[in-house]
Amino acid sequence: MSILTTREWLLVKRPVGIPQRSDYEYREGPVREPGEGEIMVRVLYTAMDPAIRGWMDAGGNYFTPIPLGAPVTAVVLGPVVKSNDPNLPVGTMVSGLGSWSDYAVGPGYFFSPVVEPDQHELVSFLHPLGPVGLTAYYGLFDRAGMKAGDAVLISGATGGVGSLVAQMARLRGASKIVGIAGGPTKCKQAIELFGYDACIDYRAESDLSAAMARELPNGFDVFFENVGGKILEAALDNMAKNARTVVCGMISGYNATEKQPGPGNMWNLLVKTARIEGFLVADCLGTPLAEEMYTAISGWLKEGKLAYKVDVREGLEHIPDTFNLLFSGQHDGKLLVKVADA
Ligand SMILES: NC(=O)c1ccc[n+]([C@@H]2O[C@H](COP(=O)([O-])OP(=O)(O)OC[C@H]3O[C@@H](n4cnc5c(N)ncnc54)[C@H](OP(=O)(O)O)[C@@H]3O)[C@@H](O)[C@H]2O)c1
């Protein structure tokens, strides 16, 4: 039997602030054989998800910290090349929890077969038809309970999650959809590609709260929060009565070296009888709701009602630099790394 080799990035130091090259080790070596119930996946694409930054910390976030000396955990997509799991035979295209490597070996239950692989573009399984799409749907409809007529505010407006939230809100009858993004190019894209009614450039506006009041004079009913910090505080000044804020992410603080101060205007929650809550897409995976959400998203894609943008960078060897693009806004669409040709 031939022994395959893999390149992989190991985490060898806990990053302080933005991860540095010296926090990782690049290694090439044999791939271990899958054990009982395990599969081996040839990684074609790996998703650059902001949450990975939290998994690098000693405290992790909602996920076990990546052990020092272990490959960096990431969602990957590719075919099964060896299998000891009868549910995932060789040749099945799967996505699931792998690592920054050429091959991922792990328990079959870490991976799911992609549904209708011939009906959709391959990369869509790491964007609208992957955890990103489910996050948008679950957060907007299930957790925030968005309904027709709601005014919706979305931070990280052109990112993977935000861009889908806006279009889903439109499809379900939102009255106005306002995005928050960094720079004129992203704001233009928000309106022209993702259908926002207006977009606030957080880099250009000196008073974010006033900018939100200008676009949403009656306040928002739903705020889908991806960023945190000053954006969250400004938003809490602009709630309609009974507003719902769902905290999907707080990317502005992921590289912070100190605890971030909370908003100084939490009192507004009482004034507006509003609520704010966090959610995790992982809580709905594998449930009938996830299937329902997947079917709806897949249907919208087939009908051409959902646009999505991917920014695909080549090369496993450049992953540490590519990953850091997430925190500078220099990427344009859901950031993926292409590891091998399909
Ligand atoms: N709760 C869950 O289960 C769950 C699941 C998936 C993702 N998430 C979270 O959802 C959020 C979006 O993820 P994604 O996959 O859509 O990532 P993404 O495609 O990289 O989008 C993130 C967006 O955040 C913006 N951003 C980055 N740093 C910023 C800063 N300092 N201030 C303001 N905006 C900043 C960037 O836009 P600009 O260029 O406009 O700055 C970028 O478009 C993240 O916070 C992620 O952790 C949560």
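Per the numbering used here, residue 218 is the first one in the sequence shown, and the count goes up by one each step.
Using N, Cα and C, we set each Cβ at its ideal position, and we do this for glycine too.
- F544 sits in a helix when the DSSP states are folded into three classes.
- Between F440 and C465, the C-beta gap is not smaller than 8 Å, which leaves the two residues out of contact.
- When DSSP reads this structure, Y320 sits in a beta bridge with R259.
- For V233, same chain residues with a beta-carbon under 8 Å away, outside a window of 5 residues either side, are T474 in chain order.
- Placement of the Cβ of C465 at a distance of less than 7 Å from at least one heavy atom of ligand 1 is found.
- Judged by DSSP in its simplified three-state form, T375 adopts coil rather than helix or strand.
- Exclusion of P288 from the 7 Å shell around ligand 1 follows from its C-beta lying no nearer than that to any non-hydrogen atom of the ligand.
- S329 carries a strand assignment under DSSP once its states are collapsed to helix, strand and coil.
- With fewer than 16 other Cβ atoms inside 10 Å of its own Cβ, M483 counts as exposed.
- Annotated three-state conformation of G254 is coil, per DSSP.
- Taking the Cα positions, R238 is about 46 Å away from L487.
- For I493, there is no enclosing alpha helix (DSSP H); the enclosing beta strand (DSSP E) has its first and last residue at 492-495.
- Per the coordinates, the alpha-carbon of D335 lies some 44 Å from the alpha-carbon of A451.
- T222 carries a strand assignment under DSSP once its states are collapsed to helix, strand and coil.
- Closer than 7 Å to some heavy atom of ligand 1: that describes the Cβ of A398.
- As DSSP reads the structure, Y413 sits in no beta bridge.
- Taking C-beta separations shorter than 6 Å and ignoring five residues to either side along the sequence, the partners of G373 in its chain run G379, N443, V444, following chain order.
- Between W272 and E409, the alpha-carbon positions lie close to 35 Å from each other.
- In the DSSP assignment, K447 falls within the alpha helix (DSSP H) that extends over 447-452.
- Taking 8 Å as the cut-off, the Cβ atoms of K555 and E534 do not count as close.
- According to DSSP, T462 shares a beta bridge with F440, I493.
- When V307, K393, T352, S318 are compared, the shortest CA-CA separation from A365 is found for K393.
- Secondary structure of S515 (DSSP, three-state): helix.
- When only Cα atoms are considered, G377 and D454 end up about 26 Å apart.
- Shortest gap from the CB of S423 to any heavy atom of ligand 1: 7 Å or more.
- A residue is called buried when at least 16 other Cβ atoms come within 10 angstroms of its Cβ; S469 meets this threshold and is buried.
- Excluding five sequence positions before and after Y320, the CB atoms of its chain that fall closer than 8 Å to its own CB belong to L221, T223, V248, M257, V258, R259, V260, V298, given in chain order.
- Apart from sequence neighbours up to five positions away, the residues of its chain that approach V229 with a beta-carbon distance below 7 Å are D240, Y241, E242, L285, G286, ordered along the chain.
- Residue environment: S341 is assigned as buried (16 or more neighbouring CB atoms within 10 Å of its CB, all protein chains considered).
- Per the C-alpha coordinates, the member of N278, I514, S515, G550 positioned closest to K526 is G550.
- By the Cβ rule, the region 381-392 does not count as touching the region 314-334, because fewer than three pairs are nearer than 8 Å.
- Annotated as proximal: P251 and N301, with beta-carbon spacing under 8 Å.
- DSSP places G271 inside the alpha helix (DSSP H), whose first and last residues are 268-272.
- For D274, the shortest C-beta to heavy atom distance toward ligand 1 is 7 Å or greater.
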